[in-house]
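Colleague: In UniProt numbering, the protein residues as written are 1 to 658.
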Ligand SMILES: Nc1nc2c(c(=O)[nH]1)N[C@H]1C(S)=C(S)[C@@H](COP(=O)(O)OP(=O)(O)OC[C@H]3O[C@@H](n4cnc5c(N)ncnc54)[C@H](O)[C@@H]3O)O[C@H]1N2
Ligand code: MOO
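1. Whole angstroms are fine: how far does the CA of residue 266 sit from the CA of residue 10?
2. Can you tell me the Cα-Cα spacing of residue 411 and residue 41, whole angstroms?
3. Looking at C-alpha atoms only, which residue of 338, 332, 655 and 263 is the closest neighbour of residue 317?
4. What are the complete alpha helix (DSSP H) segments, minimum 4 residues, inside the UniProt domain "MoaB/Mog" (210 to 349)?
5. What do you reckon, is the C-beta of residue 27 under 7 Å from a heavy atom of ligand 1?
6. On a Cα-Cα basis, can you pick out the residue from 354, 280, 456 and 392 that is closest to residue 434?
7. Quick check: residue 101 and residue 129, are their CB atoms within less than 8 Å of each other?
8. Can you tell me whether residue 82 is buried or exposed? The criterion is at least 16 other CB atoms within 10 Å of its CB, across all chains shown.
9. To which residues does DSSP link residue 370 through a beta bridge?
10. Determine which residues share a DSSP beta bridge with residue 403 and list them.
11. Please confirm whether residue 295 and residue 27 have their CB atoms less than 8 Å apart.
12. Check each candidate in 125, 175, 650 and 152 and name the one with the smallest Cα separation from residue 61.
13. Is the stretch 83 to 98 in contact with the stretch 38 to 56, if contact means three or more CB pairs nearer than 8 Å?
14. Kindly indicate which three-state DSSP category residue 1 falls into: helix, strand or coil?
15. DSSP state of residue 90, grouped into three classes?
16. Can you tell me the Cα-Cα spacing of residue 140 and residue 437, whole angstroms?
17. Indicate whether residue 603 and residue 595 have their beta-carbon atoms separated by less than 8 Å.
18. Are any of the Cβ atoms in chain B nearer than 8 Å to that of residue 373?
19. May I ask you to list the residues that DSSP assigns as paired with residue 429?
20. Starting from residue 731, trace the alpha helix (DSSP H) both ways and give me its first and last residue.
21. Under 8 Å Cβ to Cβ from residue 250, same chain only, skipping five residues before and after it: list those, please.
22. Taking all protein chains shown into account, do 16 or more other C-beta atoms lie within 10 angstroms of the C-beta of residue 380, making it buried, or fewer, making it exposed?
23. With a cut-off of 8 Å on the beta carbons, I'd call residue 396 and residue 408 a contact; round off their distance for me.
24. Do you know offhand how far residue 576's Cα is from residue 535's?
25. Does the distance from the CB of residue 463 to the CB of residue 476 come in under 8 Å?
26. Taking only runs that begin and end inside the stretch 517 to 562, name each unbroken beta strand (DSSP E) of 3 or more residues, in chain order.
27. Would you report the Cα separation of residue 452 and residue 198, rounded to the nearest angstrom?
28. Kindly examine ligand 1 and report whether one of its heavy atoms sits closer than 7 Å to the Cβ of residue 282.
29. Counting only the same chain and skipping the five closest in sequence on each side, list residues whose C-beta sits under 7 Å from that of residue 257.
30. On the criterion of 16 or more Cβ atoms from any shown chain inside 10 Å, does residue 608 qualify as buried, or is it exposed?
31. Measure the alpha-carbon distance for residue 456 versus residue 610 and round it to whole angstroms.
32. Classify residue 546 as buried or exposed, calling it buried when 16 or more other Cβ atoms lie within 10 Å of its own Cβ.
33. Please state whether DSSP places residue 492 in a helix, a strand or coil.
34. Are the CB atoms of residue 351 and residue 246 nearer to each other than 8 Å?
35. Residue 101 by DSSP, collapsed to three states: which one?
36. Alpha carbons only, please: which of 613, 383, 131 and 458 is nearest the one belonging to residue 431?
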């Protein structure tokens, strides 16, 4: 990386000069401009075959043009007769009727009228013959022959008029309104439409949405992933979300970052779709070409570019004739958040689906949250309940670049543009994402561990909904003290006694022993200088002499305590660069972004890294006594002590204290 011989070209320097967002609009202004454009996007009615209308919205009221059933019919297998002929029938006094010479099966028109003293055999669904006013079940009758050999019916029970007869039009009658326009068609409604004989159904045409992603770094899922590339997750999430909002989606793949490629896809999309959604390349930086291509659209072209909100600032929306084009930010959370704020309501209106209900709840902020001045910030949160049943909102601090911060959030709250900080404990209004809030059976807060991940997957298999927050051991201890979690996974050494975790126990908290794991230094096996060091102190010498770059862990994590003890006040290069998980440390070293770091042995192995043990440590579970009795906690403890699970943990490289 040193001694650069290459220089940036004049062209590269030109693209580096970033254009600024000149006219950033407010959220309300952006929405109202889209609303105006919506008028141009007029929905159409089409008549679709019955088997193609599920999940579509009915465009007209539907009246029945026939009676259903269209004739009086029998609800049972038995005999059609006149109640007046069997008034006094009972088991000790069966009455005798003569049988008419036909059997009425469904689809057959009766030939004989039922007159005084007669009856006709009839099957379920058969048409009631003229003259009959009831049906008796075959079980209440018997057959015998009269002296002349003709069949006679013995009836053992009297009947009421209309017994076992479905009368014509009793289900749906001619002229009756059976379904209203706007109805979302499911199998139930489709059954009704079939029953009145409709083969073509008037439904609203689904708005057609074309989706594509832009970026040289993108690879479609299913293909190998070269270094520095990422999988295209935006197209899948945006396409599925558009389908959920009622659209028909055309997936157009990935366009590389050239004007030609993006223009070609854009034209293809405009040709076939009502709405075009592309993502990436909108923030006006080097390589952000999508915006330049959309800027060429006319009639009227871009209606805004830049909204004062986070995530989502670079959102760009254009209208071209009757089509709408939106460039959503490349960051997955920004893309899906802006989709839900701006595009989903539009699609729902265009496909006549109900608005998403605005389900809000009050929650207390778990940790202090800082915010940039100048734009409204939406913070994704995961919700839990403390022992007082108050909702507690834990911000998902993974940023807009993550896929999971939106996908795993229960909801979000907003921080006004002029507020720079909300302190822990502040009451916030959380808007719930989706229709329902699913509260977990088990909440685990604390230090990240792959052994814990395995235990959680086993708990989930048993049908429990588990939420985990990896915020470090100290965060776990605090959450357990505040009774905001069921279990805190911790590995904290008491500097006074050298013992693990026992100093965190209070009268309200119980400590359950977990397993042992080995913390150590990781490095690439082929790294010059490092590969010959065999002990921590030899390793420290090498770091000092060759100024090798480290990757550190976040303050508050148990691993950071181990690192600081190892370094003993020495601050090597990279000390300020922290990351939040064992895997992130291993990945940084493997990818040569750092030369060494500290992580657990199991992770070092899975990344194929060299490892020098620093210290065995104990990873245990701190549990508020008030929560110990909960079924999900009991289940967790049972799993922890199950022999097969313990063997699996051992095979993963953890030591089990028997
Ligand atoms: N100097 C500035 N830099 C940035 C600004 C700014 O105002 N000044 N805005 C930031 C904000 S806010 C956002 S949001 C991002 C969005 O930028 P773009 O829309 O131009 O997106 P890209 O640069 O193309 O990509 C950003 C990021 O997302 C990844 N990405 C892109 N497409 C996909 C996809 N289909 N699936 C998964 N991930 C995707 C891409 O690799 C980048 O990591 O800009 C900030 N920068
Ligand atoms: O607005 Mo960007 O969308 O902050 O992440």
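Using N, Cα and C, we set each Cβ at its ideal position, and we do this for glycine too.
Modeller: Straight from the coordinates:
1. As a first step, residue 10 must be located in the chain shown, where it is residue number 10. As a first step, residue 266 must be located in the chain shown, where it is residue number 266. Looking at the two C-alpha atoms, the distance is approximately 29 Å.
2. On the chain shown, position 411 is the one that residue 411 refers to. On the chain shown, position 41 is the one that residue 41 refers to. Going by the C-alpha atoms only, they are around 30 Å apart.
3. In the chain shown, counting from the first residue as 1, residue 317 sits at position 317. Looking at the Cα atoms, 338 is the closest of the given residues.
4. 234 to 244, 259 to 272, 290 to 294 and 332 to 338
5. Taking the first residue of the chain shown as 1, we reach residue 27 at position 27. Residue 27: no, Cβ never under 7 Å from ligand 1.
6. Indexing the chain shown from 1 puts residue 434 at position 434. Here the closest residue by C-alpha is 354.
7. Counted from its first residue, the chain shown places residue 101 at position 101. Counted from its first residue, the chain shown places residue 129 at position 129. Cβ distance not < 8 Å, so residue 101 and residue 129 don't count as in contact.
8. Looking up residue 82 in the chain shown gives position 82. By the neighbour-count rule (16 or more Cβ atoms within 10 Å), residue 82 is buried.
9. Position 370 of the chain shown, counted from the first residue, corresponds to residue 370. 421.
10. Taking the first residue of the chain shown as position 1, residue 403 is located at position 403. Its beta-bridge partners do not exist; DSSP assigns none.
11. Against the chain shown, residue 295 aligns to sequence position 295. Against the chain shown, residue 27 aligns to sequence position 27. Contact: no.
12. What you label residue 61 is simply residue 61 of the chain shown in a count that begins at 1. Measuring from the Cα of residue 61, the nearest candidate turns out to be 175.
13. no
14. Here residue 1 refers to the residue found at position 1 of the chain shown. With a pLDDT of only 45 at residue 1, under 50, the local geometry of the prediction cannot be trusted, and the value read off the model is given with reservation. In this structure, residue 1 counts as coil in the three-state DSSP scheme.
15. Numbered from 1 along the chain shown, position 90 holds the residue referred to as residue 90. Strand, per DSSP.
16. Residue mapping note: residue 140 aligns to position 140 of the chain shown, counting from 1. Residue mapping note: residue 437 aligns to position 437 of the chain shown, counting from 1. One C-alpha to the other measures close to 54 Å.
17. For the purposes of this step, residue 603 is taken as the residue at position 603 of the chain shown. For the purposes of this step, residue 595 is taken as the residue at position 595 of the chain shown. Contact flag unset, no.
18. No chain B is part of this structure, which consists of one protein chain only.
19. Within the chain shown, residue 429 is the residue found at index 429, counting from 1. Answer by DSSP bridge pairing, in chain order: 362.
20. No statement about residue 731 is possible, as the shown extent of the chain runs from 1 to 658 and does not include it.
21. Taking the chain shown and counting its residues from 1, the one referred to as residue 250 is at position 250. 208, 209, 210, 211, 269, 272 and 273, listed in sequence order.
22. Your numbering for residue 380 matches position 380 in the chain shown. Its Cβ being crowded by 16 or more others within 10 Å, residue 380 is buried.
23. For this step, residue 396 is matched to residue 396 along the chain shown. For this step, residue 408 is matched to residue 408 along the chain shown. With 8 Å as the limit, residue 396 and residue 408 qualify as a contact, their Cβ atoms being about 7 Å apart.
24. By 1-based counting over the chain shown, the position of residue 576 is 576. By 1-based counting over the chain shown, the position of residue 535 is 535. Each residue's Cα considered, the two are about 24 Å apart.
25. For the purposes of this step, residue 463 is taken as the residue at position 463 of the chain shown. For the purposes of this step, residue 476 is taken as the residue at position 476 of the chain shown. No, Cβ-Cβ distance for residue 463 and residue 476 is not below 8 Å.
26. 550 to 553
27. In the chain shown, counting from the first residue as 1, residue 452 sits at position 452. In the chain shown, counting from the first residue as 1, residue 198 sits at position 198. In a straight line, the C-alpha of residue 452 is about 57 Å away from that of residue 198.
28. Here the question's residue 282 lines up with position 282 in the chain shown. The answer is yes for residue 282.
29. On the chain shown, position 257 is the one that residue 257 refers to. Excluding sequence neighbours, residue 257 sits near 214, 215, 216, 281, 287 and 289.
30. Within the chain shown, numbered from 1, the residue matching residue 608 stands at position 608. By the 10 Å Cβ count, residue 608 comes out exposed.
31. Looking up residue 456 in the chain shown gives position 456. Looking up residue 610 in the chain shown gives position 610. Near 28 Å, if we compare the C-alpha coordinates of residue 610 and residue 456.
32. Within the chain shown, residue 546 is the residue found at index 546, counting from 1. By the neighbour-count rule (16 or more Cβ atoms within 10 Å), residue 546 is not buried but exposed.
33. Taking the first residue of the chain shown as 1, we reach residue 492 at position 492. Of the three classes helix, strand and coil, the one that applies to residue 492 here is coil, per DSSP.
34. Numbered from 1 along the chain shown, position 351 holds the residue referred to as residue 351. Numbered from 1 along the chain shown, position 246 holds the residue referred to as residue 246. It is a contact, given that the beta carbons lie within the stated cut-off.
35. Locating residue 101 in the chain shown gives position 101, where the first residue counts as 1. It is a strand residue.
36. As a working note, residue 431 is residue 431 in the chain shown. When each option's Cα is compared against that of residue 431, the closest is 383.
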